Amino acid sequence: MRLAVFLIVSLVILSINVCAATNLFSAQTYQTSFLGWMKKHNKAYHHHEFNDKYQTFKDNMDFIHNWNSKESDTVLGLNRFADLTNEEYKKTYLGMSINVNLRANQVPMNGLNFERFTGPSSIDWRQNGAVAYVKDQGHCGSCWAFATTGAVEGAHQIKTGNMVTFSEQHLVDCSGRYGNNGCDGGLMTSAFKYIIDNDGIATEEAYPYTATQNRCVYNTTMLGTAISGYKDVPRGSESALTAAISKQPVAVAIDASPITFQLYKSGVYQEATCSSYRLNHGVLAVGYGTLEGKDYYIVKNSWAETWGNQGYILMARNANNHCGIATMASYASV
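In mature numbering (1 follows the signal peptide of the UniProt record, and there is no 0), the protein residues as written are -21 to -1, 1 to 313.
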């Protein structure tokens, strides 16, 4: 009851202030939208942060309206990150340690001539049972671990016919000596190396995720599967990346820093400010295709189904390595 009264009083006070400013929507529209969004996403704030969160929400609501009012293949929406500034979002949810020069394992897959790839025009590994449910990394920069497990899950399912989910927490807790930093970032290639040297990775059930870095408690009774190796896609080659995805899901690193990525809802994502070398987020490419003449990759994120299109994003394909999606891509061999 006290929280409800506080919210109403706060919004009344804020409505007085916003009336003096130029706004795209009425005070009532902002208030109704914010309270509905809070309920949908189960949000509650301390008294001292409520006003800032409301103002940020309004700013994002305005940005979304202005963006969606112009012609664009990308549609934005009030997703789970609508109460975050772009700086808050980047600080909390982007967690990769990238050195794009670390590419020592570029072995062509199955001898394919990537530049003359003539595989299927589209593929969606979700329809083939090779993609697990959309997971949630929480307030932990462990995207690299989720991209790694996703690649291993896909390779394992394609080989065995069984979908088993593997443990991100195992990688967060135990792969530090391979250069990974738990919730403060890491690399998919380093995680692959750890799995190889460790003779496998735990199942998610045996070593569940906590969104914090803890002491390593892995033992062999937790083992889910081993991998025989991993390979890197030749840097910057979208033909090579498409060829790799035609065989299995592929872990990729991207620049996810733009506010348009933060607030993505649907459509083919293309953002002029996206970098092909400043990579900060690990995700899983699970397919590709074409929509209304626009080539795209199907990319699975680790921010739950309350972000993007049920946890997924369509990223521009054959668009000059957009957001660096082909800069640092790797896949596992089981």
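Even for Gly, the Cβ is constructed at its ideal location relative to N, Cα and C.
Keep in mind it's a predicted model, so treat the numbers as computed, not measured.
Counted within 10 angstroms of its Cβ, other Cβ atoms place residue i as buried (16 or more) or exposed
{"i": "residue 366", "result": "Any answer about residue 366 is impossible in this case: the structure gives the chain only from -21 up to 313."}
{"i": "D62", "result": "buried"}
{"i": "K18", "result": "exposed"}
{"i": "S48", "result": "exposed"}
{"i": "N159", "result": "buried"}
{"i": "R194", "result": "exposed"}
{"i": "S100", "result": "exposed"}
{"i": "G164", "result": "buried"}
{"i": "Q136", "result": "buried"}
{"i": "K138", "result": "exposed"}
{"i": "D274", "result": "buried"}
{"i": "A126", "result": "buried"}
{"i": "Q85", "result": "Low confidence applies to Q85: its pLDDT is 47, below 50, so where it sits in the model is not reliable, and the reading given next is rough at best. Burial call: exposed."}
{"i": "Y112", "result": "exposed"}
Same chain, Cβ closer than 6 Å to residue i, neighbours up to 5 away in sequence not counted
{"i": "G117", "result": "A190"}
{"i": "C162", "result": "C119, G120, S121, Q192"}
{"i": "K70", "result": "none"}
{"i": "V110", "result": "W104, V265"}
{"i": "I174", "result": "I180, I206"}
Residue span of the alpha helix (DSSP H) that contains residue i, given as start and end
{"i": "M167", "result": "167 to 176"}
{"i": "S218", "result": "217 to 224"}
{"i": "V131", "result": "122 to 139"}
{"i": "I238", "result": "238 to 241"}
{"i": "L57", "result": "Run containing L57: none; DSSP gives neither H nor E here."}
{"i": "V151", "result": "147 to 153"}
Spatial neighbours of residue i in its chain, beta-carbon cut-off 8 Å, leaving aside the 5 residues before and after
{"i": "N300", "result": "G215, E217, S255, T306"}
{"i": "D103", "result": "V265, G266, G268, I277"}
{"i": "E132", "result": "A109, V110, A111, M142, V143, T144, F145, P228"}
Sub-8 Å separation of residue i and residue j beta-carbons
{"i": "H44", "j": "L3", "result": "yes"}
{"i": "S154", "j": "S312", "result": "no"}
{"i": "M167", "j": "G261", "result": "yes"}
{"i": "A130", "j": "L263", "result": "yes"}
{"i": "Q241", "j": "Y68", "result": "yes"}
{"i": "S225", "j": "G98", "result": "yes"}
{"i": "F13", "j": "F42", "result": "no"}
{"i": "Y291", "j": "A230", "result": "no"}
Close Cβ partners of residue i (< 7 Å) along its chain, the five nearest in sequence each way excluded
{"i": "G303", "result": "A232, I233, D234, S254, S255, Y256, L258"}
{"i": "S245", "result": "V54, N288"}
{"i": "D178", "result": "A205"}
Element boundaries [beta strand (DSSP E), containing residue i]
{"i": "Y209", "result": "208 to 211"}
{"i": "D274", "result": "273 to 279"}
{"i": "L73", "result": "Per DSSP, L73 belongs to no beta strand (DSSP E) and is neither H nor E."}
*Those runs of the alpha helix (DSSP H) which lie wholly inside the stretch 1 to 32 and span at least 4 residues*: 6 to 19
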